[in-house]
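Residue numbers (full-length UniProt numbering): 1 to 319.
Quick reminder that beta carbons are idealized off the backbone N, C-alpha and C, glycines included.
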(Lines of atoms letter the chains of each structure in order from A and count residues from 1; the text may use other names and numbers.)
(Lines give C-alpha, C1' and ligand atoms only; values in the text may rest on other atoms or scores of the structure.)
Protein backbone atom coordinates (compact mmCIF):
# COMPACT_ATOMS: atom_id res chain seq x y z
CA UNK A 1 0.00 0.00 0.00
CA UNK A 2 1.23 3.49 -0.82
CA UNK A 3 1.49 5.58 2.36
CA UNK A 4 3.42 8.68 1.39
CA UNK A 5 3.07 11.37 -1.21
CA UNK A 6 5.34 10.80 -4.18
CA UNK A 7 7.64 13.37 -5.74
CA UNK A 8 8.13 11.14 -8.78
CA UNK A 9 5.28 8.95 -9.95
CA UNK A 10 5.79 6.29 -12.63
CA UNK A 11 2.68 5.18 -14.50
CA UNK A 12 1.11 4.88 -17.94
CA UNK A 13 -0.98 7.63 -19.50
CA UNK A 14 -4.12 5.55 -19.15
CA UNK A 15 -3.92 5.27 -15.33
CA UNK A 16 -3.07 8.90 -14.61
CA UNK A 17 -6.71 9.68 -13.96
CA UNK A 18 -7.14 7.23 -11.08
CA UNK A 19 -7.67 7.67 -7.37
CA UNK A 20 -4.26 6.35 -6.39
CA UNK A 21 -2.50 8.87 -8.65
CA UNK A 22 -4.68 11.73 -7.46
CA UNK A 23 -4.29 10.89 -3.79
CA UNK A 24 -0.67 9.83 -3.50
CA UNK A 25 0.91 11.41 -6.53
CA UNK A 26 -0.62 14.85 -6.42
CA UNK A 27 -1.78 15.37 -2.85
CA UNK A 28 -5.54 15.38 -2.19
CA UNK A 29 -8.25 15.70 -4.79
CA UNK A 30 -9.14 19.31 -4.08
CA UNK A 31 -7.54 22.09 -6.06
CA UNK A 32 -6.39 24.11 -3.04
CA UNK A 33 -3.61 21.64 -2.19
CA UNK A 34 -0.32 23.56 -2.28
CA UNK A 35 1.81 22.51 -5.25
CA UNK A 36 5.29 23.34 -6.47
CA UNK A 37 4.17 22.31 -9.90
CA UNK A 38 3.87 19.21 -12.01
CA UNK A 39 6.21 18.27 -14.87
CA UNK A 40 4.91 15.52 -17.15
CA UNK A 41 7.79 13.41 -18.53
CA UNK A 42 6.90 10.77 -21.09
CA UNK A 43 9.09 8.16 -22.80
CA UNK A 44 8.36 6.52 -26.17
CA UNK A 45 6.39 9.63 -27.04
CA UNK A 46 6.35 8.83 -30.73
CA UNK A 47 4.29 5.67 -30.19
CA UNK A 48 1.58 7.36 -28.13
CA UNK A 49 -1.68 8.60 -29.63
CA UNK A 50 -2.07 12.35 -29.18
CA UNK A 51 -5.27 11.85 -27.22
CA UNK A 52 -3.36 9.67 -24.75
CA UNK A 53 -0.62 12.28 -24.46
CA UNK A 54 -3.10 14.89 -23.24
CA UNK A 55 -4.62 12.70 -20.49
CA UNK A 56 -2.25 13.94 -17.75
CA UNK A 57 -3.13 17.53 -18.66
CA UNK A 58 -6.86 17.22 -19.29
CA UNK A 59 -8.07 14.47 -16.97
CA UNK A 60 -6.34 15.34 -13.71
CA UNK A 61 -8.07 18.66 -13.27
CA UNK A 62 -4.74 20.19 -12.22
CA UNK A 63 -3.80 21.96 -15.44
CA UNK A 64 -2.87 25.11 -13.53
CA UNK A 65 -0.15 23.15 -11.68
CA UNK A 66 1.50 21.72 -14.80
CA UNK A 67 4.71 23.62 -15.44
CA UNK A 68 5.93 21.69 -18.45
CA UNK A 69 5.70 18.62 -20.68
CA UNK A 70 8.84 16.74 -21.75
CA UNK A 71 8.45 13.94 -24.27
CA UNK A 72 11.24 11.57 -25.30
CA UNK A 73 11.11 9.46 -28.43
CA UNK A 74 12.56 8.50 -31.80
CA UNK A 75 10.67 9.66 -34.87
CA UNK A 76 12.47 6.99 -36.90
CA UNK A 77 10.75 4.24 -34.91
CA UNK A 78 7.12 3.17 -35.06
CA UNK A 79 4.31 5.64 -34.45
CA UNK A 80 0.84 5.02 -33.00
CA UNK A 81 -1.06 2.01 -34.29
CA UNK A 82 -4.28 3.12 -35.98
CA UNK A 83 -6.66 0.47 -37.28
CA UNK A 84 -8.19 0.97 -40.73
CA UNK A 85 -5.48 3.41 -41.75
CA UNK A 86 -5.15 1.77 -45.17
CA UNK A 87 -7.41 1.98 -48.16
CA UNK A 88 -9.79 -0.79 -47.10
CA UNK A 89 -11.86 0.21 -45.19
CA UNK A 90 -11.04 3.89 -45.53
CA UNK A 91 -10.72 5.99 -42.37
CA UNK A 92 -10.75 9.70 -43.18
CA UNK A 93 -9.28 10.61 -39.80
CA UNK A 94 -6.43 8.06 -39.83
CA UNK A 95 -3.71 10.52 -40.91
CA UNK A 96 -4.67 12.91 -38.09
CA UNK A 97 -4.99 10.25 -35.42
CA UNK A 98 -1.74 8.52 -36.36
CA UNK A 99 0.32 11.66 -35.81
CA UNK A 100 1.59 11.69 -32.23
CA UNK A 101 1.95 14.80 -30.10
CA UNK A 102 5.68 14.08 -30.13
CA UNK A 103 5.79 14.28 -33.92
CA UNK A 104 3.57 17.36 -33.95
CA UNK A 105 5.97 19.15 -31.60
CA UNK A 106 8.96 18.21 -33.76
CA UNK A 107 7.20 19.65 -36.81
CA UNK A 108 6.39 22.91 -35.02
CA UNK A 109 8.58 25.70 -33.70
CA UNK A 110 8.35 24.50 -30.10
CA UNK A 111 11.54 23.82 -28.17
CA UNK A 112 13.17 20.54 -29.22
CA UNK A 113 16.53 18.95 -28.52
CA UNK A 114 18.16 16.18 -30.53
CA UNK A 115 20.31 13.67 -28.66
CA UNK A 116 23.33 12.78 -30.80
CA UNK A 117 25.17 10.10 -28.80
CA UNK A 118 24.04 6.48 -28.68
CA UNK A 119 25.01 4.40 -25.65
CA UNK A 120 23.18 1.10 -26.30
CA UNK A 121 25.16 -0.95 -28.80
CA UNK A 122 28.52 -1.81 -30.26
CA UNK A 123 29.71 0.71 -32.90
CA UNK A 124 29.60 -1.89 -35.69
CA UNK A 125 25.94 -2.57 -34.93
CA UNK A 126 25.16 1.13 -35.12
CA UNK A 127 27.07 1.87 -38.33
CA UNK A 128 24.33 0.94 -40.85
CA UNK A 129 21.28 2.37 -39.01
CA UNK A 130 23.20 5.58 -38.37
CA UNK A 131 24.25 5.93 -42.02
CA UNK A 132 20.99 4.85 -43.64
CA UNK A 133 18.36 6.22 -41.25
CA UNK A 134 19.99 8.91 -39.10
CA UNK A 135 22.09 10.52 -41.87
CA UNK A 136 25.30 9.80 -39.95
CA UNK A 137 24.44 12.39 -37.29
CA UNK A 138 24.66 10.14 -34.23
CA UNK A 139 27.95 9.34 -32.53
CA UNK A 140 28.95 6.39 -30.37
CA UNK A 141 29.63 6.85 -26.68
CA UNK A 142 33.14 5.72 -25.69
CA UNK A 143 31.64 3.02 -23.46
CA UNK A 144 30.04 1.23 -26.44
CA UNK A 145 33.43 -0.05 -27.62
CA UNK A 146 33.63 -2.22 -24.53
CA UNK A 147 30.26 -3.97 -24.90
CA UNK A 148 31.03 -7.69 -25.07
CA UNK A 149 29.14 -10.77 -26.20
CA UNK A 150 28.15 -12.96 -23.23
CA UNK A 151 30.91 -15.64 -23.08
CA UNK A 152 28.56 -18.63 -22.81
CA UNK A 153 26.64 -17.48 -25.87
CA UNK A 154 29.80 -16.69 -27.81
CA UNK A 155 31.26 -20.15 -27.22
CA UNK A 156 28.04 -21.83 -28.34
CA UNK A 157 27.77 -19.58 -31.40
CA UNK A 158 31.30 -20.40 -32.52
CA UNK A 159 30.68 -24.13 -32.11
CA UNK A 160 27.47 -23.81 -34.14
CA UNK A 161 29.21 -21.89 -36.94
CA UNK A 162 31.99 -24.48 -37.23
CA UNK A 163 29.44 -27.30 -37.25
CA UNK A 164 27.26 -25.82 -40.01
CA UNK A 165 29.85 -23.78 -41.90
CA UNK A 166 33.17 -25.65 -41.44
CA UNK A 167 34.82 -23.69 -44.25
CA UNK A 168 34.61 -20.46 -42.25
CA UNK A 169 37.80 -18.93 -40.86
CA UNK A 170 36.71 -17.96 -37.36
CA UNK A 171 39.53 -15.42 -37.14
CA UNK A 172 37.73 -13.42 -39.81
CA UNK A 173 34.19 -13.80 -38.47
CA UNK A 174 32.81 -10.82 -36.55
CA UNK A 175 30.47 -12.48 -34.10
CA UNK A 176 29.08 -9.12 -32.98
CA UNK A 177 27.33 -8.68 -36.34
CA UNK A 178 26.51 -11.83 -38.27
CA UNK A 179 24.29 -12.55 -41.24
CA UNK A 180 22.88 -16.06 -41.66
CA UNK A 181 21.49 -16.90 -45.10
CA UNK A 182 18.91 -19.68 -45.24
CA UNK A 183 17.48 -20.98 -48.49
CA UNK A 184 13.92 -21.26 -47.22
CA UNK A 185 10.47 -20.47 -48.57
CA UNK A 186 7.97 -18.05 -47.13
CA UNK A 187 4.33 -19.14 -46.86
CA UNK A 188 1.06 -17.68 -45.56
CA UNK A 189 -1.33 -19.00 -42.97
CA UNK A 190 -4.59 -19.73 -44.81
CA UNK A 191 -6.71 -18.42 -41.94
CA UNK A 192 -4.81 -15.33 -40.76
CA UNK A 193 -2.75 -14.63 -43.92
CA UNK A 194 0.24 -14.03 -41.63
CA UNK A 195 3.59 -14.96 -43.16
CA UNK A 196 5.91 -17.68 -41.85
CA UNK A 197 9.08 -19.51 -42.85
CA UNK A 198 9.61 -23.04 -41.51
CA UNK A 199 13.20 -23.36 -42.78
CA UNK A 200 14.31 -20.30 -40.81
CA UNK A 201 12.81 -21.64 -37.59
CA UNK A 202 14.36 -25.08 -38.09
CA UNK A 203 17.86 -23.65 -38.57
CA UNK A 204 17.61 -21.10 -35.76
CA UNK A 205 16.46 -23.77 -33.31
CA UNK A 206 19.69 -25.72 -33.89
CA UNK A 207 21.60 -22.64 -32.74
CA UNK A 208 19.37 -22.13 -29.71
CA UNK A 209 19.85 -25.74 -28.63
CA UNK A 210 23.62 -25.26 -28.87
CA UNK A 211 23.70 -22.23 -26.54
CA UNK A 212 21.27 -23.44 -23.86
CA UNK A 213 20.50 -22.38 -21.22
CA UNK A 214 20.09 -18.61 -21.57
CA UNK A 215 21.29 -17.59 -18.13
CA UNK A 216 22.98 -14.39 -16.96
CA UNK A 217 22.21 -12.45 -20.14
CA UNK A 218 19.25 -11.53 -22.33
CA UNK A 219 18.50 -13.08 -25.73
CA UNK A 220 15.53 -12.00 -27.84
CA UNK A 221 14.18 -13.38 -31.12
CA UNK A 222 12.48 -10.72 -33.23
CA UNK A 223 10.10 -11.49 -36.09
CA UNK A 224 7.88 -9.25 -38.22
CA UNK A 225 4.89 -11.62 -38.29
CA UNK A 226 2.68 -13.31 -35.71
CA UNK A 227 2.70 -16.45 -37.85
CA UNK A 228 6.47 -16.74 -37.44
CA UNK A 229 6.25 -15.95 -33.75
CA UNK A 230 3.77 -18.81 -33.26
CA UNK A 231 6.17 -21.25 -34.94
CA UNK A 232 8.99 -20.20 -32.61
CA UNK A 233 6.84 -20.44 -29.49
CA UNK A 234 5.77 -23.97 -30.43
CA UNK A 235 9.37 -24.98 -31.25
CA UNK A 236 10.68 -23.55 -27.97
CA UNK A 237 7.99 -25.37 -25.99
CA UNK A 238 8.99 -28.67 -27.61
CA UNK A 239 12.66 -27.91 -26.94
CA UNK A 240 11.93 -27.15 -23.28
CA UNK A 241 10.06 -30.44 -22.87
CA UNK A 242 12.77 -32.45 -24.61
CA UNK A 243 15.78 -30.91 -22.83
CA UNK A 244 14.27 -30.08 -19.45
CA UNK A 245 15.42 -26.47 -19.74
CA UNK A 246 12.84 -24.18 -18.14
CA UNK A 247 11.01 -21.90 -20.57
CA UNK A 248 12.31 -18.80 -18.77
CA UNK A 249 15.86 -19.88 -19.69
CA UNK A 250 15.03 -19.86 -23.39
CA UNK A 251 15.15 -16.81 -25.65
CA UNK A 252 12.22 -14.40 -25.53
CA UNK A 253 10.19 -14.11 -28.74
CA UNK A 254 8.68 -10.77 -29.75
CA UNK A 255 7.30 -9.22 -32.87
CA UNK A 256 9.38 -6.25 -33.97
CA UNK A 257 6.46 -3.94 -33.19
CA UNK A 258 6.29 -5.20 -29.61
CA UNK A 259 10.03 -4.67 -29.11
CA UNK A 260 9.88 -0.88 -29.13
CA UNK A 261 11.44 0.31 -25.88
CA UNK A 262 13.18 -3.05 -25.34
CA UNK A 263 16.80 -4.14 -25.72
CA UNK A 264 18.81 -7.33 -25.22
CA UNK A 265 22.43 -8.43 -25.03
CA UNK A 266 21.84 -10.73 -28.01
CA UNK A 267 19.16 -10.20 -30.66
CA UNK A 268 18.35 -12.50 -33.56
CA UNK A 269 16.13 -10.91 -36.22
CA UNK A 270 14.36 -13.42 -38.46
CA UNK A 271 13.11 -11.36 -41.42
CA UNK A 272 10.92 -14.28 -42.63
CA UNK A 273 10.44 -12.91 -46.18
CA UNK A 274 12.46 -14.41 -49.04
CA UNK A 275 12.06 -12.03 -51.97
CA UNK A 276 12.44 -8.33 -52.77
CA UNK A 277 11.48 -8.00 -56.41
CA UNK A 278 8.37 -5.97 -55.57
CA UNK A 279 7.44 -3.84 -52.57
CA UNK A 280 4.57 -6.21 -51.79
CA UNK A 281 7.14 -9.01 -51.34
CA UNK A 282 8.43 -7.21 -48.25
CA UNK A 283 5.05 -6.93 -46.53
CA UNK A 284 5.42 -5.21 -43.15
CA UNK A 285 9.10 -4.65 -43.89
CA UNK A 286 8.24 -1.96 -46.43
CA UNK A 287 8.16 0.37 -43.43
CA UNK A 288 11.73 1.52 -42.76
CA UNK A 289 10.83 2.51 -39.20
CA UNK A 290 9.99 -1.14 -38.46
CA UNK A 291 13.26 -2.36 -40.00
CA UNK A 292 15.19 0.29 -38.07
CA UNK A 293 13.51 -0.80 -34.87
CA UNK A 294 14.54 -4.41 -35.43
CA UNK A 295 18.14 -3.48 -36.18
CA UNK A 296 18.61 -1.31 -33.08
CA UNK A 297 17.54 -3.60 -30.20
CA UNK A 298 20.84 -5.46 -29.75
CA UNK A 299 23.59 -4.34 -27.39
CA UNK A 300 26.42 -6.79 -28.01
CA UNK A 301 25.42 -9.20 -30.78
CA UNK A 302 23.03 -8.94 -33.72
CA UNK A 303 22.22 -11.99 -35.83
CA UNK A 304 20.32 -11.24 -39.02
CA UNK A 305 18.56 -14.28 -40.50
CA UNK A 306 17.16 -14.20 -44.01
CA UNK A 307 17.53 -15.27 -47.59
CA UNK A 308 20.39 -13.78 -49.61
CA UNK A 309 17.93 -13.26 -52.49
CA UNK A 310 16.54 -10.31 -50.50
CA UNK A 311 19.84 -8.51 -50.95
CA UNK A 312 19.92 -9.20 -54.69
CA UNK A 313 16.32 -8.26 -55.56
CA UNK A 314 15.38 -5.14 -57.50
CA UNK A 315 14.52 -3.17 -54.36
CA UNK A 316 18.05 -3.64 -52.98
CA UNK A 317 19.29 -1.20 -55.64
CA UNK A 318 17.79 1.63 -53.58
CA UNK A 319 20.05 0.90 -50.59
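**Report entry** Sheet register partners of residue 118 (DSSP bridge)
**Finding:** For residue 118, which the question treats as bridged, DSSP gives the partners 140.
Query raised in the report: Leaving out the 5 sequence neighbours to the left and right, which residues in its chain are closer than 7 Å to residue 67 when beta-carbon positions are compared?
Result: Cβ-Cβ distances below 7 Å link residue 67 to 37, 38, 39 in the same chain, with the five nearest sequence neighbours on each side left out; the list follows chain order.
**Report entry** Which of helix, strand or coil DSSP assigns to residue 285
**Finding:** Of the three classes helix, strand and coil, the one that applies to residue 285 here is helix, per DSSP.
Query raised in the report: CA-CA distance, residue 145 and residue 193?
Result: Our two residues, residue 145 and residue 193, have alpha carbons roughly 42 Å apart in a direct line.
Report task. Measure from the alpha carbon of residue 80 to the alpha carbon of each residue in 300, 114, 48, then state which is nearest. Result -> Of 300, 114, 48, the residue nearest in Cα terms is 48.
Query raised in the report: Taking C-alpha atoms, which residue in 65, 130, 59, 115 lies nearest to residue 71?
Result: Closest by alpha carbon: 115.
Query - the segment 217–229 touching the segment 192–208, judged by at least three CB pairs closer than 8 Å - result: Result yes; three or more Cβ-Cβ pairs closer than 8 Å.
Requested in this report: Would you kindly work out how many angstroms separate the C-alpha atoms of residue 174 and residue 9, rounded to a whole number?
Outcome: Take the alpha-carbon of residue 174 and the one of residue 9: they are about 43 Å apart.
Query raised in the report: the ligand FMN heavy atoms versus the CB of residue 240: any closer than 7 Å?
Result: Annotation note on the ligand FMN: not contained in the displayed structure, which lists no ligands.
**Report entry** Three-state secondary structure assigned by DSSP to residue 95
**Finding:** It is helical.
Query - Cα-Cα separation, residue 155 to residue 269 - result: Approximately 20 Å, taken between the alpha carbons.
**Report entry** Touching by the beta-carbon criterion (3+ pairs, under 8 Å), the segment 235–245 and the segment 203–223
**Finding:** Contact between the segment 235–245 and the segment 203–223 is present: 3 or more CB-CB pairs across the two stretches fall below 8 Å.
Requested in this report: Determine, using beta carbons only, whether residue 290 and residue 60 come nearer to each other than 8 Å.
Outcome: Result no, Cβ atoms of residue 290 and residue 60 do not sit closer than 8 Å.
Requested in this report: Since I believe residue 50 is in contact with residue 99 (beta carbons under 8 Å), could you give me their beta-carbon distance rounded to a whole number of angstroms?
Outcome: Under the criterion of beta carbons closer than 8 Å, residue 99 and residue 50 qualify as touching, at roughly 7 Å.
Query - Per-residue burial, residue 166 [other beta carbons within 10 Å of its own, 16 or more giving buried] - result: Residue 166 is exposed by the Cβ-count criterion.
Requested in this report: Could you tell me the distance, in whole angstroms, from the CA atom of residue 200 to the CA atom of residue 140?
Outcome: Residue 200 and residue 140 have their C-alpha atoms roughly 32 Å apart.
Query raised in the report: Can the beta-carbon of residue 307 be found less than 8 Å from the beta-carbon of residue 183?
Result: Yes; because the gap between Cβ atoms is below 8 Å, this pair is in contact.
Query raised in the report: The beta strand (DSSP E) spanning residue 38 covers which residue range?
Result: Element bounds for residue 38: 38–42.
Requested in this report: Please say whether residue 207 and residue 259 have beta carbons closer to each other than 8 Å?
Outcome: By the CB criterion at 8 Å, residue 259 and residue 207 fall outside the cutoff.
Query raised in the report: Which stretch, first to last residue, makes up the beta strand (DSSP E) that contains residue 17?
Result: Residue 17 -> no beta strand (DSSP E), and no H or E assigned at all.
Query - Member of 266, 202, 298, 273 whose CA lies at the smallest distance from the CA of residue 188 - result: The alpha carbon of residue 188 has as its nearest neighbour, out of 266, 202, 298, 273, the alpha carbon of 273.
Query raised in the report: With a CB to CB cut of under 7 Å and the five nearest residues on each side skipped, what residues in its chain are close to residue 293?
Result: Contacts found: 77, 78, 256, 259, 260.
Query - Residue span of the beta strand (DSSP E) that contains residue 270, given as start and end - result: 264–270 is the extent of the beta strand (DSSP E) around residue 270.
**Report entry** Spatial neighbours of residue 69 in its chain, beta-carbon cut-off 6 Å, leaving aside the 5 residues before and after
**Finding:** If we look at residue 69 and ignore the five residues flanking it on each side, its Cβ neighbours are 40.
Requested in this report: Please name the residue, chosen from 296, 297, 271, that lies closest to residue 285 on a Cα-to-Cα basis.
Outcome: For the set 296, 297, 271, the Cα lying nearest the Cα of residue 285 is the one of 271.
Query raised in the report: For the candidate residues 252, 186, 238, whose alpha-carbon lies nearest to that of residue 218?
Result: Nearest of 252, 186, 238 to residue 218, Cα basis: 252.
Report task. Taking residue 52 and residue 13 to be in contact with their CB atoms under 8 Å, please state how far apart those CB atoms are, rounded to whole angstroms. Result -> About 4 Å; that satisfies the 8 Å criterion.
Query raised in the report: Can you tell me the Cα-Cα spacing of residue 136 and residue 118, whole angstroms?
Result: C-alpha separation (whole angstroms): 12 Å.
Query raised in the report: At which residues does the beta strand (DSSP E) containing residue 71 begin and terminate?
Result: That run of the beta strand (DSSP E) goes 66–71.
Query raised in the report: What residue range is occupied by the uninterrupted beta strand (DSSP E) comprising residue 111?
Result: Counted as a single uninterrupted DSSP element, the stretch harbouring residue 111 is not any beta strand (DSSP E), since DSSP gives it neither H nor E.
Requested in this report: Just list the beta strand (DSSP E) runs in the segment 153–215, keeping only unbroken ones of 3 residues or longer that don't cross its boundaries, in chain order.
Outcome: Taking 3 residues as the shortest admissible run, the segment 153–215 contains the following complete beta strand (DSSP E) segments, listed from N- to C-terminal end: 177–181.
Query raised in the report: Roughly how many angstroms separate the alpha carbons of residue 133 and residue 303, rounded to a whole number?
Result: The straight-line gap from Cα to Cα measures roughly 19 Å.
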